[in-house]
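**Q** If you use the numbering used here, the sequence shown corresponds to residues 810 to 1758, in order.
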Amino acid sequence: MWVVLAGVGNIAVPQLEHVVKEQSRAFFPSDSGATRAAQRMGTLFGDSDSNNIAYVVLEADRTLGEPDRRYYRALAEALRTETPGVESVMDLWDDPAAAAVFESQDHQAAYLMARLSGQLGSSTATDAVAALRAAVDAAGPPEGLRTHVTGPGPSLVDEFEALDAQLARITVLTVGMIAALLLVVYRSPITAAVPLVSVGLALAVARPVVALLGEHGLVEVSVFSVALMSAMVLGAGTDYGIFLLGRYHENRRAGLPPPDALADAYRRVAPVIAGSSATIATALFCLTFAKVSFLRSAGIPSGIGVLAAMMGALTLTPAMIGWFSRRRLVEPRATRINRRWRRIGTAVARWPGPVLVTAVTALIVCTVPLLGANVSFAELSAQPSGTESSRGYQAVQGRFPDNRLLPEIVSIQADRDLRTPAGLITIERVTKKILEVRGVRTVQSASRPAGTPVRQGTLTYQAGQIGEQLDGTAQSALDGMDSVDTVMATIGQLDTALNGMQRGLSGAVDGLNRVGAGSQDIGAGMSGLQGNLQQVSGYADPLRQFVSANPDCAANPICAAVQKIVQPLDDAVSATGTLAGGAGALEEGASSATNSLDGAARGVATMRAALSQLRGLTSTLRASLGSVGPQMQRMTGYLSQLSSDFDGSSEGGFYLPPRTFEDPEYRRVMTMMFSPDGHATRMLVYGDGESWGRDGADRSDEIRIAAAEALKDTPLAAGGTVDLTGVGTATAELISYVQHDFTLLVIATLVLIFVIVAGMLRSPVAGIVVLTTVTISYASALGASVAIWQFGFGQPLHWAVPALAFIALVAVGADYNLLLAMRLRDEARAGIRTATIRAFAGTGSVVTVAGIVFGLTMFAMLGASVVTIAQVGSTIGIGLLLDTLVVRTFVVPPIAVLLGRWFWWPRQVPATAGPGIRAWDGQSLGTSTGSGKGDGRPERIHDRTAIAR
């Protein structure tokens, strides 16, 4: 039947690995803060609502050139338009305003950021990463250019793919180790094959069951759940076979015929197997309540696997033993191991106190490293160094500042358009506040596209520019004073000519000749005056433009002073026009001869009046130039010095004028940093330390607080909101989830296991003892693992190790102690000390072999290049060995002896005295006498020679 179920199941149902690939779920809950923030940002900016971020890193052993840039542009365009799963691309290497962030200082590496579909860890995210890598390869990089797809999304994909690739090898290694150990123990290939066949068929049946449930979305599955399920089935299922074989061999050595030996073994061991599987499965099912899918997905599949192993042990294993026993193929081999265990049991029964103190001391010593333990949340360090994402991080390391590919993304949403000078001032304020957070190195924002202050974005810089313009204008004005002097001299010449003309007119006809001559002189003077005034007007054009550019010139001291210069000059130009008109009238009068004498006189009078006005205006102009010019020089010097003093600093008053938003270079930055409606902006925050760890988690909270504080006393104080996502934010939430999950798992697991163990032993005291001892065993194993991994190899334990190790060690450890305690209960009528000796003799070798087999199964996970799997396997393996060799041997039995009848409270187990106690091999162990009331008082153990034997 088992063969049929396994065959049909694996043919009719898709393979579990295929289901995992199609049905993997997101790493974080959909309601996590980081996930919701990413979704809101995607809605605001219209690009992507996932947390699946990837980077394409370009590197070469030379300076990146134009062919590399062409490849970069073509790749970015292909990703935007042709690649499925790529929802947005940020490629600012070609943008001078932001290129410094995306290109290394040695100009040998650059990168672009892509936001992909699917949440981290999901099947959709995995497919998107695969499509991105295919597009990068298809783009055909130039010779000498290497490309790597890396980032948070690809890192998780590579970690799971590395585990998937090694799973078959680990399973084969595990089976080989178990088979070798069973051959050494049983010295019979048939006997060793019994538990292996049972476990193999149980796993073959469990896999399609889990695959079927996973395919329909009823059970969450992952690569890790497949690995853990295989290990738990192999370990627990082999243990169950060893339990049944051990009791069968014990009965056969006692002389029972095979059918009776098997029936008695089944009657006594089946409850232990059922209780053990219920304990382990219940503990594993508790993982269902975890918020992190990495833990949650391991629960139900592994529990189903353990229950399948139980069914195999209760049906298939006894059937095979019965079939082989009729042919005498599973008979026990001669061994003296039971005598050794009797001696150990005798020592424990005689000196329970010293034995207990020694064992507990050893366990406490193993626990000490926990005082300095650190838990790692860095998924990057958990994967092999040869994966593509690891190579990408290695390419960036040293060329870019730390964590360049792991920024925190801050989003600020407002009730107004932020694409204004006032909006940029608020963004710069937030940027500077975030830079004050400990560990923050760079902030890339709309006010700092390249992560550094914009030199042109300060009032002091702009004041320096105005100073430079005024300096040139003032110098031009001072240079024009010589021309003013020339104008005044010309005016004097004109005045002399007009005076002579006026005297000539009084001489009647004779004066007409002089009028003609004077007209010629006036014409010549007018030509010179006109040229000089045009030159002066040219010098004053910058002043005139400066005045025109200031609508409120009267309120500006500098502008008002300049206007005092420009206005007289304009009046002078106007007066020259009047003189020109008078000269024309004079010429007409002269040509009219006598009839025009009156008109000529009037023209001369008009010209002399205008000339007098011009002389006054020119004097005013020269006086103004003499007083305002030096003031303008002092002002321009001050502005230039002010700009120089603040140059290179982040102070100086941030301000970008409205024309900045029309700059073609800045407009591309705007599309990346602002939402389409301008009501939201985002910032990329880069920090020091380990972003994918405690440093990033602690910093993310401080960044959120700093951004919110910066919005106070700004126009966004009431309507502005801050969102934060990124690796640090996700890690902070992961830490919170892991703490929550671990607390929940500890409470639920301990309560459920206590109920099961206490119910089977029918004693809450025994249940508390068993639970307490396995918890101590877990702490010791975790401490030993910390000593090896953290202090030995410099690699802190992965965050998943404590929870998974607790589930496995408490459940499996409780099973081993449960088997010993039930044997103590069966033998309790002979007195607790004698029961202890008999329990050691009956279960010592069985539990030891089972523990070592299960431990080796876990140690086989050390063959994985994924550090998480290796750490989980080694920690559980260490715990199983400690529980098997120390706790089950030197902690639980001494406690039972010291508690006496209270160990079974409230159940009464009457003790009986007998003339002799027969061992299971027919040898006399001696006589044990007690009070006959099971009161726990020491029994006298006779015939010590026999007992020792």
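Cβ coordinates follow ideal geometry from the N, Cα and C atoms, glycine included.
Taking only the alpha-carbon atoms, compute the straight-line gap between E1471 and M1481 and give it to the nearest angstrom.
**A** Taking the straight line joining both Cα atoms gives about 15 Å.
**Q** Is D1532 helix, strand or coil when you go by DSSP?
**A** Correct three-state label for D1532: strand.
**Q** Provide the residue(s) that pair with I1218 in DSSP beta bridges, ordered along the chain.
**A** DSSP lists L1493 and T1534 as partners of I1218.
**Q** Which term fits M922, buried or exposed, when burial requires 16 or more other beta carbons within 10 angstroms of its beta carbon?
**A** Buried.
**Q** With distances taken from CA atoms, which of A1623, P1473 and E1140 is nearest N1060?
**A** Taking only the C-alpha atoms, the option nearest N1060 is E1140.
**Q** Note down, in chain order, each residue of its chain lying with its Cβ closer than 7 Å to the Cβ of V1595, except the 5 sequence neighbours on either side.
**A** Only P1178, L1179, A1182 and L1606 meet the Cβ criterion.
**Q** Is the CB-CB distance between W1711 and A1637 below 9 Å?
**A** Result no, Cβ atoms of W1711 and A1637 do not sit closer than 9 Å.
**Q** Given this structure, state the Cα-to-Cα distance separating G1023 from R834, to the nearest angstrom.
**A** Going by the C-alpha atoms only, they are around 11 Å apart.
**Q** Can you tell me whether D967 is buried or exposed? The criterion is at least 16 other CB atoms within 10 Å of its CB, across all chains shown.
**A** That one is buried.
**Q** Pick helix, strand or coil for T922, following the three-state DSSP scheme.
**A** The question names Thr, yet the displayed sequence has Met at residue 922. Strand, per DSSP.
**Q** Give the C-beta separation of M1670 and I1109 to the nearest angstrom, bearing in mind that I take them to be a contact with Cβ-Cβ under 8 Å.
**A** Contact flag wrong, Cβ pair sits at about 20 Å.
**Q** Where does F1033 sit, in a helix, a strand or coil, going by DSSP?
**A** If DSSP states are grouped into helix, strand and coil, F1033 belongs with the helices.
**Q** Return the residue from the list G1528, L1525, A1489 and I1544 that minimises the CA-CA distance to D1504.
**A** Checked all of G1528, L1525, A1489 and I1544; the closest Cα to D1504 is I1544.
**Q** Could you tell me whether the Cβ atoms of T983 and L1689 are closer together than 9 Å?
**A** Taking 9 Å as the Cβ cut-off, T983 and L1689 do not qualify as a contacting pair.
**Q** Would you tell me roughly how many angstroms separate the C-alpha atoms of S1500 and L867, rounded to the nearest one?
**A** Rounded to whole angstroms, S1500 to L867 spans 22 Å at the Cα level.
**Q** Within a Cβ cutoff of 8 Å, which residues of the same chain sit near L992, ignoring the five residues on either side of it in sequence?
**A** So the list reads P998 and A1001, once near-sequence residues are dropped.
**Q** Return the chain-ordered list of same chain residues with a C-beta closer than 7 Å to the C-beta of T1523, the five sequence neighbours on each side being excluded.
**A** Once the five neighbours on either side are set aside, the close Cβ partners of T1523 are T1235 and R1238.
**Q** Do you know how far the Cα of V1706 is from the Cα of A1158?
**A** One C-alpha to the other measures close to 7 Å.
**Q** Quick one, which of E1245, T1240 and A1015 has its alpha-carbon nearest V1252's?
**A** The shortest C-alpha separation from V1252 is found at T1240.
**Q** Spatial neighbours of Y1057 within its chain, please: CB distance less than 7 Å, with the 5 preceding and 5 following residues excluded, ordered by chain position.
**A** So the qualifying residues of the chain are A1070, L1071, A1074 and I1130.
**Q** Given G1248, which residues of its chain have a CB within under 7 Å of its CB, disregarding the five upstream and five downstream residues?
**A** Excluding sequence neighbours, G1248 sits near G1496, D1497, G1498, D1504 and R1508.
**Q** Quick check on this structure: which residue in F1699, V1174 and A887 has the alpha carbon closest to the alpha carbon of V895?
**A** Residue A887 is the option with its Cα nearest to V895.
**Q** For A1728 and A1590, what's the separation of their Cα atoms in angstroms?
**A** Here the model assigns A1728 a pLDDT of 37, short of 50, so the residue's position is not dependable, and the following value carries that caveat. Each residue's alpha carbon lies about 35 Å from the other.
**Q** Buried or exposed: where does A1527 fall if 16 or more other Cβ atoms within 10 Å of its Cβ makes it buried?
**A** Answer is exposed; the Cβ neighbour count stays below 16.
**Q** Counting Cβ pairs, one atom from each stretch, are 3 or more of them under 8 Å apart for the region 901-919 and the region 862-876?
**A** Verdict: yes, contact present.
**Q** Once you ignore the five residues that flank F1098 on each side, which residues in its own chain have a CB closer than 6 Å to its CB?
**A** If we look at F1098 and ignore the five residues flanking it on each side, its Cβ neighbours are L1553.
**Q** Would you list the one or two residues that DSSP bridges to R1257?
**A** Per DSSP, S1254.
**Q** Hey, how far is the Cα of A1011 from the Cα of W811?
**A** Between A1011 and W811, the C-alpha separation is close to 8 Å.
**Q** Check the C-beta distance from R1062 over to I1646 and give it rounded, since I have them as a contact under 8 Å.
**A** That belief does not hold up - the Cβ atoms of R1062 and I1646 are roughly 17 Å apart, past 8 Å.
**Q** Within 10 Å of its beta-carbon, does V822 have 16 or more other beta-carbons around it, so buried, or fewer, so exposed?
**A** So V822 counts as buried.
**Q** If distances are taken between C-alpha atoms only, which option among T1299, Y881 and V1019 comes closest to R947?
**A** According to the sequence displayed, residue 947 carries Ala and not Arg. Considering only alpha carbons, the answer is Y881.
**Q** Once the 5 residues before and after V1557 are set aside, which same chain residues still bring their CB inside 8 Å of it?
**A** Correcting the residue identity first, residue 1557 is Ala in this sequence and not Val. Closer than 8 Å at Cβ, skipping near neighbours: C1095 and F1098.
**Q** Answer with buried or exposed for T890, where buried requires no fewer than 16 other C-beta atoms within 10 angstroms of its C-beta.
**A** Per the 10 Å Cβ criterion, exposed.
**Q** Using 9 Å as the threshold, is the C-beta distance between V1675 and A1191 below it?
**A** Result yes, Cβ atoms of V1675 and A1191 sit closer than 9 Å.
**Q** Which same chain residues, not among the five before or five after C1175, have their C-beta less than 6 Å away from its C-beta?
**A** Correct list, in chain order: S1589, G1592 and A1593.
**Q** Ends of the alpha helix (DSSP H) at L1627?
**A** Run containing L1627: A1609 to D1635, per the alpha helix (DSSP H) assignment.
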